[in-house]
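Residue numbers (the working numbering): 151 to 273.
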């Protein structure tokens, strides 16, 4: 997966998603809450924020997904090596991150919030 493909997936979750450049990375936000950062910790990587309860699921999705080192290791933060991840797997993980950000932003407090994955995959 290329950085452009990752960016298109992240932006494909709807008009509420905003991209913000931070140093040499791009942060994707929903309702003021970051759900993914492209180009961090280095080019060719992305960091995604999930509900901590979904971190083990994401880590089981492939060798291209690893926990972030340090204290955020158990906080739902996973790192994705773009060259080693399938676009479908990346879309699933981004969808989980989008749902978590949507709920945390206050606009999706109900348990039934579902990410528009089809729209993101079509982007």
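Even glycine gets a Cβ: it sits at the ideal position worked out from N, Cα and C.
Under the 10 Å beta carbon count, residue 218 is surrounded by 16 or more other beta carbons and is classified as buried. In the DSSP assignment, the residues bridged to residue 217 are 228.
Going by DSSP, residue 171 is part of the beta strand (DSSP E) stretching over 167-172. In this structure, residue 225 lies away from residue 191, with their beta-carbon atoms at least 7 Å apart.
Taking a cut-off of 8 Å for Cβ pairs, the stretch 239-254 and the stretch 179-189 touch, as three or more such pairs fall below it. Shortest Cα-Cα distance from residue 212 to any of 199, 238, 220 and 174 involves 238.
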